[in-house]
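So in the UniProt record's numbering, spot 153 of the sequence shown is number 153, and the numbers just go up one at a time. Since the structure comes first, as structure tokens, the remarks are kept for the end.
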Amino acid sequence: MKYAHLVQIASYLSNFTKINQAKRINDMAILIEFNAEKIIFDLNKSNSAIYKDDELKEAKIYQAPFDNVLKKRFNASHIKSIECLKDNRILKFICTQSGSYKSENFILYLEFTGRFTNAVITDENNVIIEALRHIDNSYRKIETGEVLKQLPAIAIKEKPCEPITDFEAFFKSEAARVNESRIASLKEAKLVSVQKKIDSMSEILNSLEDKDELMRKSEEAANLGSLLLANLGNFKGYEREICLKDFDGNEIKLTLSDTPKNSANEFYARSKKLRAKALGVEIEKRNLSEKIEFFEGLKSLLKEANSLYELEILSPKNKAKQKERHVKDVSENAEIFYVREFKILVGRNEKGNINLLDLAKKDDIWLHLKDTPSAHVIIKTNKSKVPEDVLKMAAKFCVEFSVKGAGRYEVDYTKRENLKRENGANVTYTNYKTIIIIKG
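See the structure below:
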């Protein structure tokens, strides 16, 4: 953020008298609703900004200590003052929170300072209550209970910029600039990550032995075992160089490492192992192919994503934490996505589809391509009404993880209680609605 812009924005914000709501809407962005105007303060270290974006949705509901304090101290608070600290890219909000018996002042510092970019909440004596980023170093410690050390004023060196004459237009243009830049870089990073997974699995898939060749070797070993057993009476136990005729009269010479009888058993054991390996290869190939197909669908969704919100849903930063939230009893044949408070489950194959049908409760929403085999998709509703954007996202999952070609697709959806199960994952359904999805 430019210092000159922060000074003007602080002056503009001083016209407001109240903060209705303050909350995080993504990891580094805070939305503050002043009177009836919503403004986003984006504290990304590499590209901080202040803007308006009515289309921006919460990536998730944040409930960290910082978020709880932000809500408690600034929701429905009255603004005493807003300023940009002299020769520093820091906005300082002093607000009053009125309780039943007393009123208290709290301060919110929004620091657009590159390396130190942060949001810090203090009491009126500058004692830190919470911070977006906790920092522990000898120069400036940002921890609960510490007195906030103010950053020293600096000589501001930045290119001259035009004064803001239309704040509405400025905030909208900043939103477009930030989103375009971040979407492009984030999309590229996530696509590279997904492609690496596809390449890795494809390499493993291509390195697997051929099932038919393994079965041929298994049959060959079994035949040799049978031949040896059929001719045991023709050989001494100590013989190791053996000449046999197979069942078609062809001569076979064998060099054994053990007695003919033990060698016959070894051939049978080898045959059994080769057969098991062939079946294992077939299962592994099928699993890898299904995973590759899934990631190809995910890649397609990432390419079509046009918001940071969508990109975070499709490929969350912290997959480990996402796994902690996984639904109990969901098999490895299904995938889970999180859209705000809703869990969306997608079946990867027939087993996954059956698993989802078993898990779904009567009020959960079930989606499926109309009149076409496809992945089953379940939205876990917890008896809440599902917003249109969540339904549409689930329908997109259904299309992308079911078909490869571009086109216009119809996705039916209904409550789980309206399904009648037949065999396997096959169902009939009633009382449904249809969403149209255009796949590019």
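Every residue, glycine too, gets a C-beta built ideally from N, C-alpha and C.
Taking one beta carbon from each stretch, the region 122-129 and the region 183-200 have fewer than 3 pairs nearer than 8 Å; the two do not touch. One thing to note: A175 has its Cβ within 7 Å of the Cβ of Y51.
With fewer than 16 neighbouring CB atoms inside 10 Å of its own CB, D199 falls in the exposed class. Look at S226 here: in three-state DSSP terms it is helix. Between I82 and L31, the C-beta gap is not smaller than 7 Å, which leaves the two residues out of contact. V147 counts as exposed, since fewer than 16 other beta carbons sit within 10 angstroms of its beta carbon. In the three-state reduction of the DSSP assignment, S81 falls in the strand class.
DSSP links Y109 through a beta bridge to K92, V120. Under DSSP, H368 shares a beta bridge with D412. The three-state reading of DSSP puts K277 in helix, counting H, G and I together. Contact check for N47 against M28 fails: the beta carbons are separated by 7 Å or more. Between the alpha carbons of N20 and P316 lies a distance of about 30 Å. Annotated as distal: A305 and F267, with beta-carbon spacing of 7 Å or more.
By the criterion of at least three beta-carbon pairs nearer than 8 Å, the region 261-281 is not in contact with the region 332-351. Shown here, C243 sits in a strand according to DSSP, grouped into three states. DSSP places S100 in the coil class of the three-state scheme, outside both helix and strand. In the three-state scheme derived from DSSP, where H, G and I count as helix and E and B as strand, L345 is classed as strand.
For L13, the enclosing alpha helix (DSSP H) has its first and last residue at 3-13. For I94 against N105, the beta-carbon gap comes to about 6 Å, under 8 Å, which counts as contact. In this structure, the straight-line span from the alpha carbon of M215 to that of E209 is close to 11 Å. With contacts defined as CB atoms closer than 7 Å, T96 and S103 qualify as a contacting pair. Within the same chain, L369, S374, A375 come within 7 Å of S402 by CB-CB distance, once the 5 residues on both sides are set aside. Measuring C-alpha to C-alpha distances from I154 to each of D87, K141, Y139 identifies D87 as the nearest. If you ignore the 5 residues before and after K190, its C-beta comes within less than 7 Å of the C-beta of L302, L311, S315, all in its own chain and listed in chain order. Among the bridge pairs identified by DSSP, Y51 is matched with I40.
In terms of Cα proximity to G440, the closest of G407, K420, R421, E162 is G407. A check of alpha carbon separations from S307 across K187, Y338, T255, K291 identifies K187 as the nearest. When C-beta atoms of the region 250-258 are compared with those of the region 156-163, fewer than three pairs fall below 8 Å, so the two segments do not count as touching. In chain order, Y309 place their CB closer than 6 Å to the CB of K57, counting only its own chain and leaving out the 5 sequence neighbours on each side. For the pair I379 and A425, the CB atoms are not nearer than the 7 Å cut-off. Cβ atoms of E410 and T434 come within 8 Å of each other, at about 5 Å.
Rounded to whole angstroms, N287 and A119 show a C-alpha spacing of 46 Å.
In the same chain as S202, and ignoring 5 residues on each side of it, the C-beta atoms closer than 7 Å to its own belong to I292, in chain order.
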